[in-house]
Structure formats: C-alpha cells, structure tokens
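Undergrad: Okay, handing you the structure first.
In my numbering, the protein residues as written are 187 to 392.
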C-alpha cells in the first residue's frame with residue numbers, strides 16, 4: 187500500500203514522497219558468481235501489474251561480510267544514474283530482512299562467454315563484423331560511464347575494471363549491454379586499497 191506525504195492524505199501534492207513496498211516473485215536462478223546470484227523475477231504491482239526483472243543477491247555465505255556488502259551497495263549507487271542503451275540498468279537497491287538485493291533490467295539473451303562457447307560447440311566462427319560490433323558497443327558504454335557527471339556537474343570518471351565475456355550480455359535481438367559494475371571505481375566516490383588488492387580477472391587486465 188502506498189503512502190503519500192505532504193498535502194492532503196491520499197493525494198499527490200508538490201514534492202510528495204511516495205512510499206511503497208515492492209514485491210518481487212523469484213522465477214528461476216539465471217546465474218551464480220563468486221559473491222552473488224541473479225534471478226529472473228516478476229515485479230508485482232497494483233491492478234495485476236507485472237514486469238519481468240532481474241534480481242541480484244549476495245550469496246548467503248557472504249551476506250555477513252562487510253567488504254562484500256559494501257561492494258554490493260556501492261555497485262547499486264554507482265550505476266543508478268547510468269542510463270545508456272548499452273549498459274544494464276539498475277532500478278533499485280532494496281533490503282529484505284538482513285539481505286540486500288538489486289532490482290535491475292532483465293536481459294533476454296546470453297553473455298558473450300556463452301555465445302562463444304555455443305559457436306565453438308558447432309565449430310562455427312563468429313563473423314568479424316559482429317565481433318567489431320560487440321567491441322564498439324562495449325566501448326561506447328565504457329566511454330559514457332567514464333564521462334558521466336553527477337548532479338553537481340563533477341566528473342565521476344567511472345572505471346569498470348572487470349570487462350570480460352561474462353559481463354557482456356547479448357540480447358536475443360542482438361543488442362549488446364555491459365553489466366556487473368561490482369568492482370567499478372569512481373573518482374571521489376568509491377575508494378579501495380589499490381596496491382593491496384588486485385581487482386578483476388587477470389586474463390583480461392591491461
């Protein structure tokens with residue numbers, strides 16, 4: 187049930203605050219990584235409203251780890267305002283009991299690693315033109331993130347730091363989207379112990 191503040195009760199006045207409880211019905215597990223899992227889910231709303239979403243959670247064994255939790259929360263905050271056709275959009279950071287979750291755009295497709303493996307399975311080569319297309323779209327996403335400014339006009343300088351086939355999604359229609367900014371870094375926003383910790387996958391580092 188929604189709760190409207192300011193103005194007449196039950197009305198939407200100027201600068202009103204809408205409080206609502208979101209309901210996500212988990213359908214199936216899509217993927218599981220080192221620290222989290224992603225589920226296909228249905229967001230349920232008023233009057234039978236439904237929307238297919240993806241819900242990302244922290245694995246149970248890491249939910250009490252402050253470092254993992256901070257990284258998870260940091261990803262949601264960092265990517266919240268990254269609205270680009272080649273970046274998987276994040277809609278909400280929520281908390282259910284003691285567990286945080288991220289509600290995000292659902293991608294009907296596969297990641298690049300799965301795409302490559304499927305072609306290898308049938309001994310087929312991915313057309314060069316499509317490889318160039320994938321690389322160019324990822325580059326556009328990275329450029330947008332790096333040049334993103336906050337509401338005060340300050341350059342965020344976001345660096346993904348884990349661009350790898352598993353984090354590049356290909357929709358059924360062929361649209362390419364970059365995901366998983368879990369270890370991304372933004373100037374003046376997120377700080378880590380650089381020099382103490384190696385971030386990302388070694389084989390894809392430059």
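C-beta atoms are modelled at their ideal positions from N, C-alpha and C, and glycine is treated no differently. Every value quoted in this text rests on a predicted model; they were computed, and no experiment measured them.
(1) Any idea which residues DSSP pairs residue 285 with across the strands?
(2) Tell me the residue span of the beta strand (DSSP E) that contains residue 218.
(3) Which runs of the alpha helix (DSSP H), 4 residues or longer, sit entirely within the segment 280-364?
(4) Apart from the five residues on each side of it in sequence, which residues of its chain come closer than 8 Å, Cβ to Cβ, to residue 296?
(5) Answer yes or no: do residue 221 and residue 248 have a C-beta to C-beta separation smaller than 8 Å?
(6) Out of curiosity, what's the CA-to-CA distance linking residue 318 and residue 364?
(7) Alpha carbon to alpha carbon, what distance is there between residue 259 and residue 280?
(8) Buried or exposed for residue 323, please, with buried defined as at least 16 other CB atoms from any protein chain shown within 10 angstroms of its CB.
(9) Determine the contact status of residue 321 and residue 273, defining contact as a CB-CB distance below 8 Å.
(10) Roughly how far, in whole angstroms, is the beta-carbon of residue 309 from the beta-carbon of residue 351, given that I think they are within contact range, below 8 Å?
(11) Ignore the nearest five residues each way along the sequence and tell me which others in residue 211's own chain have a CB closer than 7 Å to its CB.
(12) Using the beta-carbon count (16 or more within 10 Å), is residue 203 buried or exposed?
(13) Would you give the residue range spanned by the alpha helix (DSSP H) that residue 257 belongs to?
(14) Here's a check: name, in chain order, each residue in its chain whose Cβ is nearer than 8 Å to the Cβ of residue 171, leaving out the five neighbours to either side.
(15) Quick one: residues in its chain with C-beta nearer than 7 Å to the C-beta of residue 366, no 5 flanking neighbours on either side, listed in chain order?
(16) What residue range does the beta strand (DSSP E) around residue 239 cover?
TA: Based on what the coordinates show:
(1) 282
(2) 209-218
(3) 298-307, 314-333
(4) 304, 355, 356
(5) yes
(6) 15 Å
(7) 9 Å
(8) buried
(9) no
(10) Contact doesn't hold; Cβ gap of about 19 Å is too wide.
(11) 227, 228, 230
(12) exposed
(13) 252-265
(14) This structure cannot settle anything about residue 171, because the visible part of the chain is limited to 187 through 392.
(15) Within the same chain, residue 366 has close Cβ partners 348, 353.
(16) 236-244
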